[in-house]
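What follows is a short report on a single structure.
There are 2 protein chains.
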Amino acid sequence: MNPTTYWIWYPGDFSIHQGMLQNFAREERGMGWPAYWYIDDCNRNVKFSRTYNLDKPTEFKVYAHGTGYVDINGNKHRLGESLKCDPGRNVITIFVGNTTGLPCVYIDGTVIKSDNGWQASNFVSTFSAGNDPLFTKKDQDPNVIEYQKIKVQPARIQEINNGVLFDFGRAVNGSLRLKLHQSDKVTICYGESQTEALDVGMCYYKQDDVDEKSVIRRRAFRFVFIPNVKKNQVALIAIHEYVPKNNISEFKTDNQLINKIWDISTETLNLCSDVFFIDGIKRDRWIWAGDAYQANFINQYSFFNEDVDKRTLLALRGQNDIKQHMNTIVDYSMLWVIGVLNHYEMTGDTNFLKMVFPKMESMVQYFITQTNEKGFIYGRKNDWIFVDWSEIDKEGTVAAEQALLIEVYKTMITCGSVLDKPIGKYQVLHDQLLGNFIEYFWSSQKGAFIDSYESGKCHVTRHANIFAILFDLIDDDKKQSILNNVLLNDGILQITTPYFKFFEQDALCKMGHQDIVYKTIVNYWGGMLNNDAVTFWEEYDPTKSGKDMYAMYGDPYGKSLCHAWGASPIYLLGRYFVGLYPTRPGYREFNIEPNLSNFKKLHVVLPVKSGKVTVEKDGENLSVIATRDGGTLIVDNHKYALAANKELSVQLK
Amino acid sequence: MNPTTYWIWYPGDFSIHQGMLQNFAREERGMGWPAYWYIDDCNRNVKFSRTYNLDKPTEFKVYAHGTGYVDINGNKHRLGESLKCDPGRNVITIFVGNTTGLPCVYIDGTVIKSDNGWQASNFVSTFSAGNDPLFTKKDQDPNVIEYQKIKVQPARIQEINNGVLFDFGRAVNGSLRLKLHQSDKVTICYGESQTEALDVGMCYYKQDDVDEKSVIRRRAFRFVFIPNVKKNQVALIAIHEYVPKNNISEFKTDNQLINKIWDISTETLNLCSDVFFIDGIKRDRWIWAGDAYQANFINQYSFFNEDVDKRTLLALRGQNDIKQHMNTIVDYSMLWVIGVLNHYEMTGDTNFLKMVFPKMESMVQYFITQTNEKGFIYGRKNDWIFVDWSEIDKEGTVAAEQALLIEVYKTMITCGSVLDKPIGKYQVLHDQLLGNFIEYFWSSQKGAFIDSYESGKCHVTRHANIFAILFDLIDDDKKQSILNNVLLNDGILQITTPYFKFFEQDALCKMGHQDIVYKTIVNYWGGMLNNDAVTFWEEYDPTKSGKDMYAMYGDPYGKSLCHAWGASPIYLLGRYFVGLYPTRPGYREFNIEPNLSNFKKLHVVLPVKSGKVTVEKDGENLSVIATRDGGTLIVDNHKYALAANKELSVQLK
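First to last, the sequence lines map onto chains G and A. Residue numbers 1 to 653, in full-length UniProt numbering, belong to the letters of the first sequence in order. Residue numbers 1 to 653, in full-length UniProt numbering, belong to the letters of the second sequence in order.
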């Protein structure tokens with residue numbers, strides 16, 4: 001049974017407040033490192049209202065976090081007391097101010113209760129109140145995330161470097177319990193790698209003067225090193241903290257390496273998605289729009305957790321007034337808008353779309369104010385035109401940004417249509433921009449999009465070309481041209497970041513090159529496993545070894561060894577090898593178009609909205625069963641309709 | 001010596017954060033009562049920056065409330081540690097995030113320290129950092145107001161109604177210390193009046209189940225009643241809490257009633273201005289722009305506390321984005337703008353003006369978006385066109401609002417000129433609006449302004465006419481016409497609120513009718529003294545007696561008995577009887593134009609910016625001494641220049 005009574009708040013506020021806390025959770029070498037952009041918080045002052053027409057008398061109590069009162073038909077009442085309503089029309093308004101956290105209420109009653117149907121106002125705007133399935137009990141406080149805790153015993157304890165090294169055998173995100181058989185306080189040095197933990201001077205996390213009573217902050221680690229002690233003087237247990245999520249996905253094949261890559265990917269995304277999609281559990285722990293955009297593609301093929309994605313989208317967007325681009329990056333703001341479309345196509349959730357659409361509109365209006373007469377978006381002072389860490393010619397307006405903006409307009413047309421909103425304006429902007437994009441940025445000579453037409457350099461990078469394929473901005477001839485002239489052309493500068501590798505792998509698969517992507521999965525992700533990875537890294541460079549493997553951004557341990565986008569094999573395998581994807585929002589219709597030549601035997605379960613799809617392969621025999629209607633199996637250009645819970649088997653050639 | 005090292009923050013944030021706390025401090029009968037409008041909070045994430053060019057090495061420490069670090073020339077350092085800078089250019093940036101309160105830093109060093117010169121950014125805008133003279137020591141926390149505390153013994157203890165009544169003989173704003181010689185817990189009933197305290201069922205503040213260990217919340221009261229105890233079972237001390245302010249003003253005359261009215265007025269304003277100008281200490285405890293506007297007129301002639309006014313102006317205005325009118329009231333937003341002009345004319349503080357001017361401009365732009373083609377401002381949905389509780393014809397655009405908007409434009413012209421900002425736009429708007437105001441709202445037939453020209457009713461109330469006099473919107477003939485046809489015309493509905501009485505008294509004095517105002521002071525304020533007032537009330541109606549005196553807004557004890565505007569005799573006496581007023585900002589020039597016929601002997605000291613003026617009268621002899629240059633004494637149309645610290649005596653006729 002779904003709980004029907006929630007803690008409720010001004011919509012978005014829970015995510016915005018928790019997102020603020022998340023973006024302040026970064027720690028480095030004894031320093032706090034707040035995210036370096038403008039950070040919103042929740043509203044401080046909120047009123048909740050609803051009118052009930054009652055047949056008979058009823059009672060209820062209002063619990064709140066904050067100060068305030070309950071108004072029933074113009075009479076004030078105290079919070080926390082039993083209140084009565086007589087039959088007839090009852091107008092109830094609850095006022096709550098919270099000076100430090102989220103103003104929220106829980107209304108406990110049989111008829112009058114905080115289920116769906118309450119309005120929330122910040123005294124400027126009024127919307128349907130927000131809630132979250134994490135908070136359905138009256139003794140909870142939505143200001144405090146309730147982590148489940150499990151004890152993790154060290155897998156290995158070793159005396160080394162005049163101290164003791166604990167290897168917990170897995171990535172832990174949590175605290176430690178210390179037993180000391182000596183009176184001296186100790187120093188705790190953490191590491192995602194053994195190398196880092198042993199580096200007492202430079203490890204990322206360290207806590208000095210620790211005894212059994214010390215409060216030990218939540219941190220991410222696999223190894224802990226305690227210098228200047230012997231094995232018999234110290235004992236450690238790790239307490240891993242997490243927010244439980246369902247995961248019905250399975251990927252079991254005769255290909256043990258791929259199985260392991262799938263499982264480690266699952267572990268990686270799981271760790272990076274407690275409340276929000278964060279980039280990594282050690283560093284930055286921030287909510288980056290680009291990272292989150294990719295994380296949800298992976299989520300769609302594993303946890304299918306709609307709540308984490310909704311929270312992340314709401315936290316990123318913040319309050320209605322836009323102060324700057326998300327994470328200061330223009331392309332990230334655009335990915336956010338497109339990410340809402342992805343969420344809608346994954347979930348078919350029109351309620352969420354309705355709630356977030358005004359924030360999409362104001363975001364897009366913000367883009368429009370920084371477009372020129374050709375419709376091209378440009379960067380202003382303090383705007384970061386990022387695209388990627390690469391040698392992109394960013395003179396004047398930049399191709400990759402235009403590709404994103406075209407997809408943004410498409411998003412507004414699609415989502416606006418769903419909600420019966422006027423979309424004519426977006427159609428005009430879309431058509432103008434798409435036309436000019438091709439006219440100004442397509443080089444027939446290069447058979448590809450160039451970065452900038454204003455510089456005269458006709459420089460080609462992969463980025464805009466990848467977006468053009470992914471967003472279907474061009475016809476098949478141009479896509480093929482890009483494939484040959486850019487993606488498969490070693491003369492074009494390689495993508496060097498895992499962030500954009502994600503998009504490149506996606507585009508290669510989309511163009512039918514699962515063969516290349518399979519090799520990448522085996523070599524790149526398999527390479528990390530060969531280096532003892534228990535989660536996937538922010539970046540892996542097979543040419544590096546030893547301590548060098550862990551350096552990034554000029555920091556010897558700056559690389560995150562548990563990074564959300566490291567889990568991308570889940571998406572690539574689910575989307576392009578198993579070949580599952582929705583063709584109508586919320587999987588009302590969906591295709592399964594397998595490319596499973598790398599697997600002789602296979603048992604895969606993947607989520608779809610309100611259900612799952614199971615694919616089995618045994619030699620030439622392929623069978624598929626889905627728990628809901630709407631599926632189509634596509635094999636060798638044949639389409640087979642799937643009915644709910646009816647297994648379909650076909651012979652592969 | 002002025003302290004030169006402050007706690008610093010993003011400008012305005014201290015006031016905005018404390019203002020939020022203030023607007024959530026209201027309590028009624030066991031309920032919190034948050035103010036019913038949108039309430040801003042401070043920024044959560046701030047960076048402070050400054051570049052030093054050093055001759056020699058120096059050290060400093062950074063203390064912060066929040067999480068963050070110190071960046072020196074690109075290298076990160078911990079908060080709270082001793083940091084070194086080498087000679088040469090040193091770029092210092094301090095990052096601080098605070099999840100619940102004000103992000104702020106204190107930089108302790110001989111050269112590098114948090115004096116004036118630091119910039120603060122919320123990652124969107126960068127301004128000079130803010131500070132407050134209340135916070136100059138490194139062990140302070142600007143999130144916590146440090147109240148001074150004094151014990152107040154009961155002036156009278158009395159067994160009554162089967163309980164004990166304590167009369168503290170003065171208004172206390174603070175807590176209680178309880179001694180119980182019995183084991184039962186007691187109930188504490190508070191009252192600004194004895195009647196209220198004895199009304200166990202309906203008193204505004206009450207705390208049940210109190211023993212010696214109970215935390216007793218800060219409340220305002222003069223009386224405490226404890227039912228069901230005997231005198232020997234209970235003892236109480238009140239702990240009055242306050243923020244100390246200087247007050248050099250004195251008003252000592254042979255007229256004992258007026259002396260007492262002055263002193264009680266001083267006490268009243270003092271209580272209502274700890275950190276901000278609030279309306280009253282019992283109810284609402286909120287920062288209302290209209291009340292605050294008037295309070296500063298009184299402040300100018302007593303405490304001359306620039307800080308309270310600055311904090312109040314900043315708290316009212318909030319963050320830069322405007323969500324709604326101040327306290328939701330259109331006229332209050334306009335009074336806020338005019339209040340900044342008043343502050344400038346009182347203090348000559350161009351630094352504050354410079355800091356606040358962008359917020360004035362955005363506020364005025366907000367007004368302009370709600371003006372019609374004639375330049376008239378109108379109310380929109382959710383805007384409250386208040387003016388006053390009175391029978392005002394509010395059909396279409398309303399005269400009083402236009403009068404305020406004209407003065408707003410004048411403010412922008414004056415303040416913009418001081419800062420060398422372009423003012424042409426405001427001049428054009430001013431001239432258009434003033435012309436149309438007279439053309440459409442002046443009725444030659446009535447010899448006065450009418451409320452509304454659109455309704456066709458030609459209804460006259462006092463309000464717009466009073467503003468027209470106070471803001472000098474019209475020539476002397478029209479002013480005289482208003483005096484006769486409105487102010488002195490009993491056929492025109494009387495002002496019924498003390499709020500607008502303030503403006504009316506001001507206008508009457510301005511038109512030379514100190515005689516009428518003197519009678520009002522004696523009758524209205526003297527009447528409250530006859531009713532045992534120790535502070536002046538929100539409202540006084542001589543026709544009411546007994547319990548009825550304390551009722552307001554439908555609440556038997558809804559009337560505030562210590563209300564800031566109750567202190568208005570200070571302004572009226574100082575401005576129009578002593579006759580002191582600045583003629584150039586910050587009293588660079590000022591007049592003293594006495595009307596002291598009601599006093600035979602008089603010794604008055606009044607503040608001016610950076611000094612004071614002393615006026616003595618003894619029979620026909622008047623002598624004046626000012627501690628600064630720029631004064632002019634005006635007696636019987638003769639002007640006498642005053643030199644600093646030189647007494648000037650004249651004979652009165």
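For each residue, glycine too, the CB sits at the ideal point set by N, CA and C. All values derive from a computational prediction rather than experimental measurement.
Can you list, in chain order, the residues of its chain whose CB lies under 6 Å from that of Ile216 of chain G, leaving out five sequence neighbours each side?
Within the first sequence, numbered from 1, the residue matching residue 216 of chain G stands at position 216. If we look at Ile216 of chain G and ignore the five residues flanking it on each side, its Cβ neighbours are Ser175, Leu176.
- prompt: Name the DSSP beta bridge partners of His240 of chain G, please?
  reply: Looking up residue 240 of chain G in the first sequence gives position 240. DSSP lists G:Ile150, G:Gly174 as partners of His240 of chain G.
(Q) With H, G and I counted as helix, E and B as strand and the rest as coil, what does DSSP make of Val124 of chain A? (A) Counting from one through the second sequence, the residue named residue 124 of chain A turns up at place 124. If DSSP states are grouped into helix, strand and coil, Val124 of chain A belongs with coil.
Open item on the list: Does chain A have any CB closer than 8 Å to the CB of Asp115 of chain G?
Closed with: Position 115 of the first sequence, counted from the start, is the residue given in the question as residue 115 of chain G. Chain A, which has no Cβ nearer than 8 Å to the Cβ of Asp115 of chain G, makes this no.
Worksheet item: Bridge partners of Asp636 of chain G, per DSSP?
Response: For the purposes of this step, residue 636 of chain G is taken as residue 636 along the first sequence, with counting starting at 1. Beta-bridge pairing by DSSP links Asp636 of chain G to no other residue.
* To do: Pull up the CB-CB distance for Asp108 of chain A and Thr93 of chain A, whole angstroms please, since I reckon it's below 8 Å.
  => Position 108 of the second sequence, counted from the first residue, corresponds to residue 108 of chain A. Position 93 of the second sequence, counted from the first residue, corresponds to residue 93 of chain A. Contact between Asp108 of chain A and Thr93 of chain A does not hold, since their C-beta atoms are separated by about 17 Å, which reaches or exceeds 8 Å.
Of the residues that make up the region 11 to 23 of chain G, which ones have a beta carbon closer than 7 Å to any beta carbon in chain A? So the close ones are Met20, Leu21.
Check whether the Cβ of Trp286 of chain A lies closer than 8 Å to any Cβ atom in chain G. Residue numbering aside, residue 286 of chain A sits at position 286 when the second sequence is read from its first letter. No, no contact with chain G.
### Query
So Arg462 of chain A is in the alpha helix (DSSP H); what residue range does that whole segment cover?
Position 462 of the second sequence holds residue 462 of chain A. In the DSSP annotation of this structure, the continuous segment of the alpha helix (DSSP H) that includes Arg462 of chain A starts and ends at 462 to 470.
task = For the beta strand (DSSP E) holding Pro34 of chain A, just list the boundary residues, first then last.
result = Along the second sequence, read from residue 1 onward, the residue named residue 34 of chain A stands at position 34. First-last for Pro34 of chain A: undefined, no H or E at that position.
Cross-chain neighbours of Phe251 of chain A in chain G, by beta carbon under 9 Å: Walking along the second sequence from the start, residue 251 of chain A turns up at place 251. For the C-beta of Phe251 of chain A, not a single chain G residue is nearer than 9 Å; the gap to the nearest is close to 39 Å.
- Message: DSSP three-state label for Glu593 of chain A, please.
- Response: Counting from 1 along the second sequence, the entry for residue 593 of chain A is found at position 593. Three-state result, Glu593 of chain A: coil.
TODO: From the DSSP output, in three-state form, read off Met1 of chain A for me.
DONE: Along the second sequence, read from residue 1 onward, the residue named residue 1 of chain A stands at position 1. Confidence at Met1 of chain A is low in this model, with a pLDDT of 43, below 50, so its placement is unreliable and no value can be given for it.
Open item on the list: Let me see if you follow: with CB-CB separation under 8 Å, is Tyr587 of chain G close to chain A or not?
Closed with: Numbered from 1 along the first sequence, position 587 holds the residue referred to as residue 587 of chain G. Chain A, which has no Cβ nearer than 8 Å to the Cβ of Tyr587 of chain G, makes this no.
**Prompt:** In the structure shown, what three-state DSSP assignment does Ser481 of chain A receive?
**Reply:** As a first step, residue 481 of chain A is located in the second sequence; it is residue number 481 there, counting from the start. Helix.
### Query
In the region 316 to 342 of chain G, which residues sit with their C-beta less than 7 Å from some C-beta in chain A, listed in chain order?
For chain A, the residues of the region 316 to 342 of chain G that bring a beta carbon within less than 7 Å of one of its beta carbons are Asp321, Lys323, Gln324, in chain order.
request  = State buried or exposed for Asn465 of chain A, treating a residue as buried only when at least 16 other CB atoms are found within 10 Å of its CB.
outcome  = Within the second sequence, numbered from 1, the residue matching residue 465 of chain A stands at position 465. Under this definition Asn465 of chain A is a buried residue.
Q) Under a three-way DSSP split, which group does residue 671 of chain G fall into? A) Residue numbering for chain G in the displayed model covers 1 to 653; residue 671 of chain G lies beyond these limits and cannot be assessed.
Check: What residue does the alpha helix (DSSP H) around Glu361 of chain G start on, and which one ends it?
Finding: Looking up residue 361 of chain G in the first sequence gives position 361. Counting along the chain, Glu361 of chain G sits inside the alpha helix (DSSP H) bounded by residues 350 to 368.
| Applying the criterion that 16 or more other CB atoms from any shown protein chain within 10 Å of the CB defines a buried residue, is Asp208 of chain G buried or exposed? | Start at 1 with the first residue of the first sequence, and residue 208 of chain G comes out as number 208. Flag for Asp208 of chain G reads exposed.
Does the region 290 to 300 of chain G come close enough to the region 561 to 570 of chain G that 3 or more CB-CB pairs lie under 8 Å? Below 8 Å, enough C-beta pairs join the region 561 to 570 of chain G and the region 290 to 300 of chain G to call them touching: three or more.
Which residues share a DSSP beta bridge with Lys76 of chain A? If you number the second sequence from 1, residue 76 of chain A lands on position 76. According to DSSP, Lys76 of chain A bridges with A:Asp71.
Outcome for Ile160 of chain A when other beta-carbon atoms lying within 10 angstroms are tallied against a minimum of 16: As a working mapping, residue 160 of chain A is identified with position 160 in the second sequence. Around the beta carbon of Ile160 of chain A, fewer than 16 other beta carbons sit within 10 angstroms, so the residue counts as exposed.
query: Of the choices G:Trp118, G:Ala235, G:Gly80, whose alpha-carbon is the least far from that of Ala155 of chain G?
result: Here the question's residue 155 of chain G lines up with position 155 in the first sequence. Sorting G:Trp118, G:Ala235, G:Gly80 by C-alpha distance to the C-alpha of Ala155 of chain G places G:Ala235 at the top.
(Q) Tell me whether the region 349 to 369 of chain G and the region 596 to 607 of chain G touch, counting them as touching only if at least three CB pairs, one residue from each stretch, are closer than 8 Å. (A) No: fewer than three Cβ pairs fall under 8 Å.
- Item | For Cys458 of chain A, three-class secondary structure by DSSP | Here residue 458 of chain A refers to the residue found at position 458 of the second sequence. Reduced to three states, the DSSP call for Cys458 of chain A is coil.
Query - Extent of the continuous alpha helix (DSSP H) run through Val428 of chain G - result: Position 428 of the first sequence holds residue 428 of chain G. Start and end: 424 to 441.
Margin query: Give me the subset of the region 112 to 143 of chain G whose CB atoms are less than 8 Å from a CB atom of chain A, sorted by chain position.
Written below: Result list: Asn122, Phe123, Val124.
Original post:
For the region 579 to 594 of chain A against the region 609 to 624 of chain A, are there 3 or more C-beta pairs whose distance is under 8 Å?
Top reply: Yes, the region 579 to 594 of chain A touches the region 609 to 624 of chain A.
Can you tell me the Cβ-Cβ gap for Leu473 of chain A and Leu434 of chain A, rounded? I've got them flagged as a contact below 8 Å. Taking the first residue of the second sequence as position 1, residue 473 of chain A is located at position 473. Taking the first residue of the second sequence as position 1, residue 434 of chain A is located at position 434. Contact check for Leu473 of chain A and Leu434 of chain A: beta-carbon distance about 7 Å, within the 8 Å limit, so the pair qualifies.
Query - DSSP bridge partner residues for Lys206 of chain A (one or two, in chain order) - result: The residue you call residue 206 of chain A lines up with position 206 of the second sequence. Bridge partners of Lys206 of chain A: A:Cys189.
Lys76 of chain G touches chain A at which residues, Cβ-Cβ below 9 Å? Position 76 of the first sequence, counting from 1, holds the residue named residue 76 of chain G. Ordered by position in chain A, the residues that pass the 9 Å Cβ test against Lys76 of chain G are Glu28, Arg29, Met31, Trp33.
Report the neighbours of Gly68 of chain A on chain G: residues whose CB is nearer than 7 Å to its CB, in chain order.
Position 68 of the second sequence, counted from the first residue, corresponds to residue 68 of chain A. Chain G residues near Gly68 of chain A: Gly32, Pro34.
Does any residue of chain G bring its CB to less than 8 Å from the CB of Gly97 of chain A? The residue labelled residue 97 of chain A in the question sits at position 97 within the second sequence. Closer than 8 Å to the CB of Gly97 of chain A there is at least one CB belonging to chain G.
Item to check | For Gln651 of chain A, the three-state DSSP class (helix, strand or coil) | outcome: On the second sequence, position 651 is the one that residue 651 of chain A refers to. Note: Gln651 of chain A maps to strand in three-state DSSP.
- prompt: Any idea which residues DSSP pairs Gln158 of chain A with across the strands?
  reply: Locating residue 158 of chain A in the second sequence gives position 158, where the first residue counts as 1. Answer is A:Leu165.
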